[in-house]
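Start counting the sequence shown at 731; every next residue gets the next number (the working numbering).
To start, the structure itself, in structure tokens.
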Amino acid sequence: AGLLNSTISRLLFTIFLFLGTLVSIIMIIPGVEKELHKLPGFCEGSGSVLGVQTNVDCSSFLGHKAVYRMGFAMAAFFFLFAVLMVCVHSSKDPRAALQNGFWFFKFLVLVGITVGAFYIPDGAFTSVWFYFGVVGSFLFILIQLVLLIDLAHSWSQRWLRNADEGSARGWYAALCAVTFIFYAASVAAVVLLYVYYTKPEGCTEGKAFISINLILCLIVSVVSILPKIQEAQPHSGLLQASLITLYTIYVTWSALANVPTQHCNPTLLLRNSTGSATATEPLTSWWDAPSIVGLVIFILCTLFISLRSSDHPQVNKLMLTEESGSGAGHGAGPGGAEEGGARRAYDNEQDGVSYNYTFFHLCLLLAALYIMMTLTNWYRPDESLQVLRSPWTAVWVKICSSWAGLLLYLWTLVAPLVLPDRDFS
């Protein structure tokens, strides 16, 4: 059988996002500016190319300003397609061809927007775009949690199904082992957070954040195995709760790594010590542990957005995706496969799209903003910045997103009980 047209389109758009991310990473690698200065007549040199004056300040291509402009270009690109794809219901819509084809021209559009972004005057751009990044990152952290709920649910359901069909003892043992590992890792992480990110005197905020999230994780874990919840959702269990707990502890760690007080934040001290003595150079030191883990989670989540086919009806409603195995996503497949052959992608969306095009692009837009903030360590670009500090905004956004995520997971547990008239099966 051929590949699904819808899957290829999502993967290629995701590759565009990854290319932009790679360019952003290159722009903040120490030493890149020195290499650009080696190009004859490029950096801060005057000359003329095709009648256009070339007087380039290489510092404008690097560091925060460059990452913000790259983030703006990717966000603008995905926003453009989100608007163009509003209310596309099947591949019979002429606009569907824009979604699923013309990739070379789409690449040129992205390059053109990126080039244009570097002509945006500094002014208030970076300050305003910082807040767009904050809001987008908050929403993307929630999307990551929805995807984790989906992953854990599908995982648990598949293993329980295997237990019913085969050696039940082995599958149940594996389920228990994975759940135990997730909880053990969470407990170890909480202990390390208390050790490294709090002090006997002060650091009240850090102590409060860790303690509150620990209590909330205990609550959702207990709720997930209550008899009434189990009766309403037989596949709900501790595997989902353990994965959500581990993710919540990670978000808490990521938030504490942005606390602007060196006394309570060893990560901040590390960032400053790895940079040079200049005010702007340490800003390139983004590759501390929280940021690297954030980058890995970002890559996995965006790939999951591209490839996912959920078995969880509530997650499908939240992600505006068709339920797997149903509807148009599968109706046109065989015919298309015969026509196109194994070497071609076949159109599986003639009767209806298998995912919401606009929502998919909005997810990638939020992903672009999230990676922009991750690579810049949530620092606001400011030439007058003399001390490397992260704003409290980043801390509160991450902590609030962890609380919102836990409430969202709690809702997926209690929804069948709160709304008994609705079908959640």
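Ideal placement from N, C-alpha and C gives every residue a C-beta, glycine not left out.
Predicted, not measured: the structure shown is a model, and the values here were computed from it.
Check, Outcome
"For A1145 and K958, the rounded distance between their alpha carbons", "12 Å"
"Reduced DSSP secondary structure (H/G/I, E/B, other) of T744", "helix"
"Where Y1085 sits in the DSSP three-state scheme", "strand"
"E961 versus D880: straight-line alpha-carbon distance, rounded", "20 Å"
"Nearest residue (CA-CA) to L1092, options S1036, G1135, V1023", "S1036"
"V839 to F746 span [Cα, whole Å]", "11 Å"
"Cβ-Cβ separation, H993 to K1174 (assumed contact under 8 Å), whole Å", "This structure gives no information on residue 1174, because the portion of the chain shown stretches from 731 to 1155."
"Top-ranked residue by Cα proximity to S1021, from N995, L1030, S984", "S984"
"Neighbourhood of P851 by C-beta, 6 Å cutoff - its chain only, sequence neighbours within 5 removed", "none"
"Spatially closest choice to A884 from S966, A796, W859, V925, by CA coordinates", "Residue 884 is actually Ser in this sequence, not Ala. Nearest C-alpha to S884: S966."
"DSSP-derived helix/strand/coil call for K1167", "The shown model of the chain, from 731 to 1155, leaves out residue 1167, and the question about it has no answer."
"L730, DSSP secondary structure in three states", "The chain is shown from 731 up to 1155; residue 730 falls before or after that span and cannot be answered."
"DSSP-derived helix/strand/coil call for F1090", "helix"
"Nearest residue (CA-CA) to N1086, options V816, I755, Y1139", "V816"
"Between the CA atoms of T1142 and D896 - distance to the nearest angstrom", "Sequence inspection shows Gly at residue 896; the Asp mentioned does not correspond to that position. Their Cα atoms are separated by approximately 29 Å."
"Per-residue burial, F834 [other beta carbons within 10 Å of its own, 16 or more giving buried]", "exposed"
"Cα-Cα separation between G900 and T982, rounded to whole angstroms", "34 Å"
"Cβ pair V950, L1136 closer than 7 Å", "yes"
"Straight-line gap, G842 to A806 (C-alpha atoms, nearest Å)", "11 Å"
"L948 to I942 span [Cα, whole Å]", "10 Å"
"Beta-carbon gap between Y1100 and S867 smaller than 7 Å", "yes"
"CB contact check: L1094 to chain D, cutoff 7 Å", "Absence of chain D from the displayed structure is noted, only one protein chain being present."
"Sequence-distant residues of the same chain with beta carbon closer than 7 Å to N892, five excluded per side", "W901"
"Cα-Cα separation between A971 and N1107, rounded to whole angstroms", "29 Å"
"Own chain residues within Cβ distance below 7 Å of L1147, not counting five before or after", "K958, A962"
"Three-state secondary structure (DSSP) of V1125", "helix"
"Cα-Cα separation, A827 to F808", "16 Å"
"Range covered by the alpha helix (DSSP H) that runs through D1018", "Element bounds for D1018: n/a, residue is neither H nor E."
"Environment of L923 [buried if 16+ CB atoms lie within 10 Å]", "buried"
"Integer-rounded CB distance, given that L986 should sit under 8 Å from F1034", "Actually they do not touch by this definition, with Cβ atoms about 26 Å apart."
"Beta-carbon separation (whole angstroms), I758 vs L1105, contact threshold 8 Å", "6 Å"
"Euclidean distance between Cα positions of V1117 and Y1109", "Model confidence at V1117 stands at a pLDDT of 41, short of 50, so the residue's coordinates are unreliable and nothing is read from them."
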